[in-house]
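For the sequence shown, my numbering begins at 1 and goes up steadily by one.
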Amino acid sequence: MNKNKLPKQEENFSDWYNQVIQRAELADYAPVRGCMVVRPYGWAIWENIQSALDKRFKDTGHVNAAFPLLIPMSFFEKEKEHVEGFSPELAVVTIGGGEKLEEPLVVRPTSETIIGHMYAKWIKSYRDLPVLINQWANVVRWEMRTRLFLRTLEFYWQEGHTAHATAEEAEIETRQMLDVYTDFAVNVAAVPVVPGMKSDSEKFAGAVRSFTIEAMMKDTKALQSGTSHNLGQNFAKAFDIQYLDPNNQLQYCWTTSWGLSTRFVGAVIMTHGDDQGLILPPRLAPIQVVIIPIFRSENEKESVMKATNEVEKKLSGLRVKVDDRTEMTPGFKFNDWELRGVPLRIEIGPKDVEKNAVMTARRDIPGREGKSSLPIDSLNHQIPTILDDIHDNLLAKASKFRDDHTYDPQNYDEFHSLVNSGWVYSYWCGDKACEAKIKEDTKATLRCIPLDQNIPDGKCIYCGKDAKQKAYFSIAY
Ligand SMILES: [Zn+2]
């Protein structure tokens, strides 16, 4: 095998994915099966995801806090669906300080129970509501089949947990956070997600309604990329989260939870990457512009480095790296930064310096077509515009890819064959038996039911009975 060549996406997408992550130094395998080590370049992407989301959370009135990693086992048993959903995945601590513990402790797979317990203590009156808290944390789910970023034993995420006085407020919050995730995915990550509602069989364990953003990966599979749950009064009743209303009557709260994880890094990799490696959307890229000075003699070096410093200063508001490694050829550096997905490369050689210009090369447009010579004086205006244009182009390309691979079959036979090459958007009667049969026959799951559908009534793609809504079905990660 040629060490320098990535597998082609079309030939082996999964191998491409694993190799690009390791070669671009985003993450590595840990000694414990199913765990991952997030390397600095991968963590820097996550940090940019965090800051974009954190700003949106705070703009919508939320605050951050930190809850413990260990949760008493008995807490899980308080909400029936929740414990049924999570018990196969729990990591349980039974020994502490060399002694067997009186009560086993669960390493949190999610924090509804511990946070519910604390909310019961903190919330007394309608004046205490709403409570709008988020935490940035790591969680553990004992998964059997793991993939870097997509599904690992331990992963990093944020989990928002809110408590409200009324059902309406909780629903508004749940939808608001779905909108926040959609806005982030589209406008920061250039990932054209489809927001919608989960079916009952796919919803979160313990939720009344779950909402999701679904993204199509380049192998046409769906990736659930963020979720927002309306928990109704299920957790409030299990944990006694009650408040006195203005008439001094005791009422149960209405709660929500919502989360987005390091899985989203996987979404970015598989939405934009190509055979040369990663393509990072400019607003998430740890390095937005890489500058490569090119010279052969000491004389050339002096003038080229002088221009390089000038360019770097002009781009001070951006995330810029100057690659002045002397032990590598420019050609090697071009390939290296292409593999790492840096959105824009600037080359500065003696001929460019003579013209007081630089050569730029866009990662999203390969070859000559993506290159242009720009005057140094204009860079502080032009480079941010080019980065915005790269964002728009990535979003447009991914949207077109999704639309080109979304089908509306005429009958179930057609459904069956099309679902292996993309998403299928079909009428569904709402019966979970049809959904289960489809899954059994095709391995496709119901990804989401888009909101606000304005469509005439139709017939269920499986049973032919009347259907009022259409849903996306797909093979999923
Ligand atoms: Zn049906």
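Note that CB positions come from ideal geometry on N, CA and C, so glycine has one too. Please read these numbers as outputs of a predicted model, since none were measured by experiment.
Residue i - DSSP class collapsed to helix/strand/coil
i, result
"I123", "coil"
"C460", "coil"
"F415", "helix"
"T308", "helix"
"R498", "Residue 498 lies beyond the residue range present for the chain, which begins at 1 and ends at 477; the question has no answer from this structure."
"N12", "coil"
"H272", "helix"
"Y156", "strand"
"T227", "strand"
"R340", "coil"
"N134", "strand"
"M359", "strand"
"A222", "strand"
"K443", "coil"
"G61", "coil"
"W258", "strand"
"T385", "helix"
"D364", "coil"
"T113", "helix"
"M197", "strand"
"C434", "helix"
"T94", "strand"
"T329", "coil"
"Y477", "coil"
Cβ-Cβ distance between residue i and residue j below 8 Å
i, j, result
"R447", "S421", "no"
"A476", "T445", "yes"
"I133", "V180", "no"
"F204", "T227", "yes"
"G206", "E310", "no"
"L315", "V342", "no"
"A471", "C460", "no"
"Y126", "P246", "yes"
"Q176", "Q158", "no"
"V37", "A52", "no"
Proximity winner among the options, relative to residue i (alpha-carbon distances)
i, options, result
"D389", "L315, R283, M305", "R283"
"D240", "E414, K121, Q410, I455", "K121"
"T212", "A167, M197, V37", "M197"
"P72", "T110, D59, R39, K58", "T110"
"A209", "L26, S372, I376, T256", "Looking at the sequence shown, residue 209 is not Ala but Arg. Ranking the options by Cα distance to R209, first place goes to T256."
"A167", "E440, P40, Y252", "Y252"
"K218", "Y425, C434, W16, G458", "W16"
"R431", "C463, P456, A357, F76", "Looking at the sequence shown, residue 431 is not Arg but Asp. Checked all of C463, P456, A357, F76; the closest Cα to D431 is C463."
"V411", "S399, R402, L250, Y425", "Here residue 411 turns out to be Asn, not Val, going by the sequence shown. If we check each option's Cα against that of N411, Y425 comes out closest."
"I292", "L90, L6, P330, N299", "P330"
"A478", "Q9, V131, I45", "There is simply no residue 478 to check, as the chain begins at 1 and stops at 477 in what is shown."
"K124", "P31, S225, P456, A236", "A236"
"N393", "P281, G34, L244", "P281"
"L70", "S303, D403, V140, G367", "V140"
"K351", "N48, R368, L374", "L374"
Beta-carbon separation (whole angstroms), residue i vs residue j, contact threshold 8 Å
i, j, result
"V191", "T271", "5 Å"
"L129", "E143", "Going by Cβ atoms, the distance from L129 to E143 rounds to 36 Å, so no, they are not a contact pair."
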